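To start, the structure under review is shown below, and the notes come after it.
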Amino acid sequence: MNALPVQKDSQTVPAAYDSKIEGNVIFTRLDAAMNWMRKNSLWPMPMGLACCAIELMATASARFDIARFGAEVMRFSPRQCDVMIVAGTVTYKMALAVKRIYDQMPEPKWVIAMGACASSGGMYRSYAVLQGIDQLLPVDVYVSGCPPRPEALIAGLMKLQEKIAGERSFTAQKRGLVDKLEALT
Amino acid sequence: MTGAELLNSLGARLGAKIGERIEFRGETTFLIDRADIREVAQLCKDERFDYLLDISSVDNFGTEPRFEVVYELYSLTLSLHLRVKLRVSEEDPTVDTVSDIWPTANWHEREIWDMMGLRFNNHPDLRRILMWEGYPYFPLRKEFPLEGLPSDMPDVAFTSAAPMEGGPFVTQPSTATTKDREPRARGPI
Numbered sequence: 078m079n080a081l082p083v084q085k086d087s088q089t090v091p092a093a094y095d096s097k098i099e100g101n102v103i104f105t106r107l108d109a110a111m112n113w114m115r116k117n118s119l120w121p122m123p124m125g126l127a128c129c130a131i132e133l134m135a136t137a138s139a140r141f142d143i144a145r146f147g148a149e150v151m152r153f154s155p156r157q158c159d160v161m162i163v164a165g166t167v168t169y170k171m172a173l174a175v176k177r178i179y180d181q182m183p184e185p186k187w188v189i190a191m192g193a194c195a196s197s198g199g200m201y202r203s204y205a206v207l208q209g210i211d212q213l214l215p216v217d218v219y220v221s222g223c224p225p226r227p228e229a230l231i232a233g234l235m236k237l238q239e240k241i242a243g244e245r246s247f248t249a250q251k252r253g254l255v256d257k258l259e260a261l262t
Numbered sequence: 009m010t011g012a013e014l015l016n017s018l019g020a021r022l023g024a025k026i027g028e029r030i031e032f033r034g035e036t037t038f039l040i041d042r043a044d045i046r047e048v049a050q051l052c053k054d055e056r057f058d059y060l061l062d063i064s065s066v067d068n069f070g071t072e073p074r075f076e077v078v079y080e081l082y083s084l085t086l087s088l089h090l091r092v093k094l095r096v097s098e099e100d101p102t103v104d105t106v107s108d109i110w111p112t113a114n115w116h117e118r119e120i121w122d123m124m125g126l127r128f129n130n131h132p133d134l135r136r137i138l139m140w141e142g143y144p145y146f147p148l149r150k151e152f153p154l155e156g157l158p159s160d161m162p163d164v165a166f167t168s169a170a171p172m173e174g175g176p177f178v179t180q181p182s183t184a185t186t187k188d189r190e191p192r193a194r195g196p197i
């Protein structure tokens, strides 16, 4: 490929095909680009509370390798996380601590309820166990199983990716501005 | 000294303090009076029962005295078990602590206070151990429902009654398939 001649005078740049630039330019919606980046770099908050956390660790390990989906960066600091994976039995004693950690995560954030206990209390119909973390947090994906196998958690993660891919966050955020501009014209 | 000899000499030294001595399948149980627990415990400790395995409590709801406290003692030198039981009434649900004799009793007594609501006199730190301070019930008492009761401690914890959906989740002992045996709500049995 020949290098283009250096343009001395920017006023006289011909409107020609520039293979250096145009091959690397893609037109898309901002939402689509943002969603693509978000869904492929979901950093989990590992809220491991019971035996589901063992399967969560297996999911992160070499055989199942959640890094294939961009979700390998388990952060134990909620400030750096995108998705909270509630893995295990949420007792009433722990419930408000889970809520507090969720509240510390920056937006946008999602929640996966992993396993029967986190989804519904599971076999613990008891005075001590919260009957599903969805009583406190907005859950995006429920993963069944007791505990779910790593494949199931990965399937849940992929469901969440599909959900994120369909979001209209930027459109929704700028909806007010667009309406205002339309009202002016 | 063999285990049986030790138990006999211990029984002789305790004398009238033993209300009843129960032998069952090689296990010895001394039933004692609530007021004597510290004296009996100290003597057992001196007689080489150096290890307190567990303290548990029983709620014999409907009988009087209602509660029972069970001390499981073990001698590491003689490989010997001894069980000491005492009964506690509902009107005065207190027992003297043994946490200065066996330090491990500290948390066991806290658990009994937390779950059964029996207080231990002179305990150095009698707080709840599993539930939180301010939880208003004692969950292992028989009158406490399996599904729990609603409560609320703002900024600490809340509880609500669990939906039982027709019965406790129980396994069915049988040779049937896993699907038939697994724990699930089956309604009143």
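As you go down the protein sequences, you meet chains E and F in turn. Residues are numbered in our numbering as their position in the first sequence, beginning at 1, plus a constant of 77. Residues are numbered in our numbering as their position in the second sequence, beginning at 1, plus a constant of 8. Beta carbons are placed, not taken as given, at the ideal position from N, Cα and C, and that holds for glycine. These numbers come from a predicted model, not from an experiment.
Residue i: CB within 6 Å of a non-hydrogen atom of the ligand SAH
{"i": "Y169/E", "result": "With respect to small molecules bound, the structure shown includes none, and the ligand SAH cannot be examined in it."}
Sequence-distant residues of the same chain with beta carbon closer than 7 Å to residue i, five excluded per side
{"i": "I109/F", "result": "A49, Q50 and K53"}
{"i": "T248/E", "result": "D108"}
{"i": "G125/E", "result": "L133, A164 and G165"}
{"i": "P144/F", "result": "S159"}
Close beta carbons around residue i, own chain, < 6 Å, minus the five adjacent residues each side
{"i": "L138/F", "result": "D122"}
{"i": "E244/E", "result": "N112"}
{"i": "D62/F", "result": "E80"}
{"i": "C129/E", "result": "A164, G165, M191, G192 and P224"}
Reduced DSSP category for residue i - H, G, I as helix; E, B as strand; rest coil
{"i": "V220/E", "result": "strand"}
{"i": "Y169/E", "result": "helix"}
{"i": "K251/E", "result": "helix"}
{"i": "E149/E", "result": "coil"}
{"i": "I197/F", "result": "Residue confidence for I197/F is low, a pLDDT of 44 falling below 50, so the modelled location carries little weight and cannot support an answer."}
{"i": "E190/F", "result": "coil"}
{"i": "F97/F", "result": "It is worth fixing the name first, because residue 97/F is Ser in this sequence and not Phe. Of the three classes helix, strand and coil, the one that applies to S97/F here is coil, per DSSP."}
Residue-level contact to chain F via CB, residue i, 7 Å cutoff
{"i": "Y179/E", "result": "no"}
{"i": "Y204/E", "result": "yes"}
{"i": "K170/E", "result": "yes"}
{"i": "Q238/E", "result": "no"}
{"i": "Q30/E", "result": "Examination of residue 30/E is not possible in this model, given that chain E is present from 78 through 262 alone."}
Of the residues the options, the one placed nearest residue i, counting alpha carbons only
{"i": "L173/E", "options": "Q212/E, F153/E, S138/E and Y201/E", "result": "Q212/E"}
{"i": "R42/F", "options": "R56/F, G27/F, E55/F and R21/F", "result": "G27/F"}
{"i": "E35/F", "options": "D44/F, A20/F, L15/F and A24/F", "result": "L15/F"}
{"i": "E190/F", "options": "G199/E, R177/E and P225/E", "result": "G199/E"}
{"i": "V167/F", "options": "Q250/E, I241/E and L207/E", "result": "It is worth fixing the name first, because residue 167/F is Thr in this sequence and not Val. Measuring from the Cα of T167/F, the nearest candidate turns out to be L207/E."}
{"i": "G156/F", "options": "P181/F, G70/F, P147/F and K25/F", "result": "P147/F"}
{"i": "P185/E", "options": "Q250/E, D256/E and I210/E", "result": "Q250/E"}
{"i": "Y59/F", "options": "Y82/F, A184/F, K187/F and P73/F", "result": "Y82/F"}
{"i": "I241/E", "options": "G253/E, I231/E and D217/E", "result": "D217/E"}
{"i": "I30/F", "options": "E117/F, A12/F and F38/F", "result": "F38/F"}
{"i": "S87/F", "options": "E151/F, G11/F and P132/F", "result": "G11/F"}
{"i": "T71/F", "options": "K150/F, L84/F and A184/F", "result": "K150/F"}
{"i": "F141/E", "options": "G233/E, E228/E and S203/E", "result": "E228/E"}
Cutoff 8 Å; reference residue i; Cβ partners in own chain excluding five residues on either side
{"i": "Y201/E", "result": "T166 and C194"}
{"i": "L126/F", "result": "S65, F75, V77, V96, P101, T102, V103 and I120"}
{"i": "K25/F", "result": "I40, D41, D44, E47 and V48"}
Contact with chain E by residue i, beta-carbon distance below 7 Å
{"i": "T167/F", "result": "yes"}
{"i": "A20/F", "result": "no"}
{"i": "G156/F", "result": "yes"}
{"i": "M123/F", "result": "no"}
{"i": "M161/F", "result": "no"}
{"i": "P147/F", "result": "yes"}
{"i": "W200/F", "result": "Missing from the structure shown is residue 200/F; chain F here goes from 9 to 197 and no further."}
{"i": "A170/F", "result": "yes"}
{"i": "W110/F", "result": "no"}
Notebook entry, point to check: Counting pairs of beta carbons, one from the region 188–199 of chain E and one from the region 142–158 of chain E, are three or more of them closer than 8 Å?
Noted result: Here the region 188–199 of chain E does not lie against the region 142–158 of chain E, with fewer than 3 beta-carbon pairs under 8 Å apart.
Next item on the list: Count the CB pairs spanning the region 110–129 of chain F and the region 82–93 of chain F that are closer than 8 Å, and state whether there are at least three.
Entry: no
Item checked: Validate contact between the region 100–109 of chain E and the region 131–143 of chain E using beta carbons, cut 8 Å, 3 pairs -> The answer is no - the region 131–143 of chain E does not touch the region 100–109 of chain E, with fewer than three Cβ pairs under 8 Å.
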